[in-house]
Amino acid sequence: YGHPRERRAPRGEDATVHPMKLSVIGVGYLGAVHAATMASVGHDVVAVDSDEGRVAALASGTAPFVEPGFDGLLRQTLDSGRLHFTADYRDVAEAGLHFIAVGTPQRPDSHAADLTHVYAAVGSLLPHIRPGAVVAGKSTVPVGTASDLEGRVVGAGGVLAWNPEFLREGFAVRDTLKPDRIVYGLSADAGRAGVALARLDECYAPMLSACPRLIMDFATAELIKVAANAFLATKISFINAVSQVCDAAGADVTLLAEAIGLDERIGRRFLRAGVGFGGGCLPKDIRALQASADLHGARHLADLLGQVDSINREQRDRIVELARTHVGGDLSGRAITILGAAFKPLSDDVRDSPALDVASRLADLGAEVTVCDPQALPVVARSHPHLTLEDDPRAALKGAELVLLLTEWDQFVALDPAEAATSVAERVIIDGRNALDPVAWREAGWTYAGVGR
Ligand code: UGA
């Protein structure tokens, strides 16, 4: 594969984009953003999905999710004529490079990833590819998937590559345009590897001038993605586990994180203790890696990830218990306001959202729960019709006997504690993201409880 730490693509000679015909299979979060971003740098992109409703919405310029910068990019690239959405696989036939960007959720019956969509997408695509076309998997898959798929792709006259994606929700457009690194997992067959390498370099030329490109085998490329997410999840669970001892010993985990984070080897990011991680990626990826580790007999990794997952789940229990304690032991009939529903700010994604999980559990325990979120309420209304929803924070706080901050949206962090105090029935706040200034809230007469502080 050449030098494994090759820093930059062999460019500099030529920074201009050579427009290519690309296809993107799957227009979920990852695929839609990838398709629009590739069109924005000059490529001709056809994005395919079997969900005709989603295809029609995107084709008319309507984003099916909240993502900063995406709406404008979508309309601009549709107007440019370089981006098309379709439900018909025949429309991809001219593309020389096809990206597989379908979802790999957790299986209902185990921790492993469900690969149904990946195999279905590849199966639908292959009859339509032209000879020598490159099929690049972007979906997060268990190690071994690419080598299993390679025979089918070669049988259809194509070449397989694995090209994992590391974008964060809330920063998806920026992360796609300015990635930290680009990873190519290539075939063990030198001829096929060369074809894929050249095609991917051509596609990513605009990004490769500014980021490292790493070339490797399929298995390493597949593992890099889940290992990155597992490491981030481990960092969060580590600080959450430390927050438990801080609570017990009267120490402050936010000061501790700041201090240890100043050591460059540790770093400050992903050390915010609180209600824990959620979303469509970290939880299912640590479980999928745990399943792969189990399968390959890597017992220590499987045990470690099991601990990371259970610490994370316990954080939600801790917050529910804290809420119970702060209302005097019995939640039934108590008016509780939850600030936040999305799994993190700048998103309307509520998949495995800690905020929404805690809100439903408090409602199940008899509390009268009102949920406030600037973006996610339309999604919550469909999935949790029993919760009372309110998009104005001041109205949501009215009459609350307990307030929980569980998603650190700017508009919640910026609330004036003195003004908020005039709306609620009881001045008690649980800061499940350690995002508020305890001194300011206490000075305004609030009982403030953070996590490990
Ligand atoms: C994550 C990774 O960060 C991306 O690099 C990866 O590409 C993506 O998954 C993916 O697999 O596609 P994302 O799910 O958008 O991105 O969200 P993160 O920013 O990682 O946050 C995940 C969760 O961790 C959120 O619930 C957040 O509130 C929580 N978190 C984060 C903490 O509890 N503490 C922290 O210090 C940081």
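Here my numbering is used: the first residue of the sequence shown is 3, the next is one more, and so on.
C-beta: ideal position from N, C-alpha, C; glycine also.
- Assignment of Leu379 by DSSP, reduced to helix, strand and coil, places it in the helix class.
- Cβ-Cβ separation between Ile238 and Phe272: approximately 6 Å, consistent with a contact (criterion under 8 Å).
- In the DSSP assignment, Asp311 falls within the alpha helix (DSSP H) that extends over Arg301 to His328.
- Taking all protein chains in view, the Cβ of Gly281 is crowded by 16 or more other Cβ atoms within 10 Å, so the residue is classified as buried.
- Nearest Cα to Glu152 within the set Ala200, Ala221 and Glu260: Ala221.
- With respect to Val352, Val381 sits close: the two C-beta atoms are nearer than 8 Å.
- In the DSSP assignment, Phe414 falls within the alpha helix (DSSP H) that extends over Asp412 to Val415.
- Here Leu358 is buried: its Cβ has 16 or more other Cβ atoms, across all protein chains shown, within 10 Å.
- Residue pairing by DSSP places Cys374 opposite Leu341 in a beta bridge.
- Taking 7 Å as the cut-off, the C-beta of Pro181 does not count as close to any heavy atom of ligand 1.
- Glu204 and Tyr186 have their C-alpha atoms spaced approximately 13 Å apart.
- For Asp332, no alpha helix (DSSP H) encloses it, and the DSSP letter there is neither H nor E.
- Here Lys346 is buried. Its C-beta has 16 or more other C-beta atoms within 10 Å.
- Rounded to whole angstroms, the gap between the alpha carbons of Leu333 and Leu408 is 18 Å.
- The three-state reading of DSSP puts Ala243 in helix, counting H, G and I together.
- DSSP links Lys23 through a beta bridge to Asp46.
- Look at Asn436: its beta carbon is at least 7 Å from all of the heavy atoms in ligand 1.
- For Pro356, the distance from the CB to the nearest heavy atom of ligand 1 is below 7 Å.
- DSSP, read as helix, strand or coil, puts Gly139 in strand.
- For Thr327, the closest of Asp354, Asp254, Gly276 and Leu404 by C-alpha to C-alpha distance is Leu404.
- For Ala138, same chain residues with a beta-carbon under 6 Å away, outside a window of 5 residues either side, are Phe101, Ala163 and Asn165 in chain order.
- Each residue's CA atom was taken as its position, placing Ala174 and Leu364 some 32 Å apart.
- Assigned with DSSP and collapsed to three states, Arg215 falls in strand.
- Annotated three-state conformation of Leu407 is strand, per DSSP.
- Counting along the chain, the unbroken beta strand (DSSP E) around Thr449 starts and ends at Thr449 to Ala451.
- The straight-line gap separating the alpha-carbon atoms of Leu60 and Tyr91 is approximately 17 Å.
- A distance below 7 Å between beta-carbons, with the five flanking residues on each side excluded, links Cys283 to the following residues of its chain, in chain order: Asn231.
- By the Cβ-count criterion, Phe414 is buried, with 16 or more other Cβ atoms from all chains shown falling within 10 Å of its own Cβ.
- The residues Ala115, Asp116, Gly282 and Lys286, in chain order, have a CB closer than 8 Å to that of Pro107 in the same chain once the five nearest residues on each side in sequence are set aside.
- In the three-state DSSP reduction, Val185 falls in the strand class (E or B).
- Taking a cut-off of 8 Å for Cβ pairs, the stretch 43-61 and the stretch 74-91 touch, as three or more such pairs fall below it.
- Across the structure, Ala259 and Asn436 are spaced so that their CA atoms are roughly 12 Å apart.
- Taking Ala89 as the centre and dropping the five residues before and after it, the same chain places the C-beta of Val50, Asp51, Ser52, Asp53, Glu54 and Val57 closer than 8 Å to its C-beta, in chain order.
- Looking at the DSSP output, Ala163 shares a beta bridge with Ala138.
- Taking all protein chains in view, the Cβ of Phe233 is surrounded by fewer than 16 other Cβ atoms within 10 Å, so the residue is classified as exposed.
- For Gln108, DSSP records a beta bridge to Ala115.
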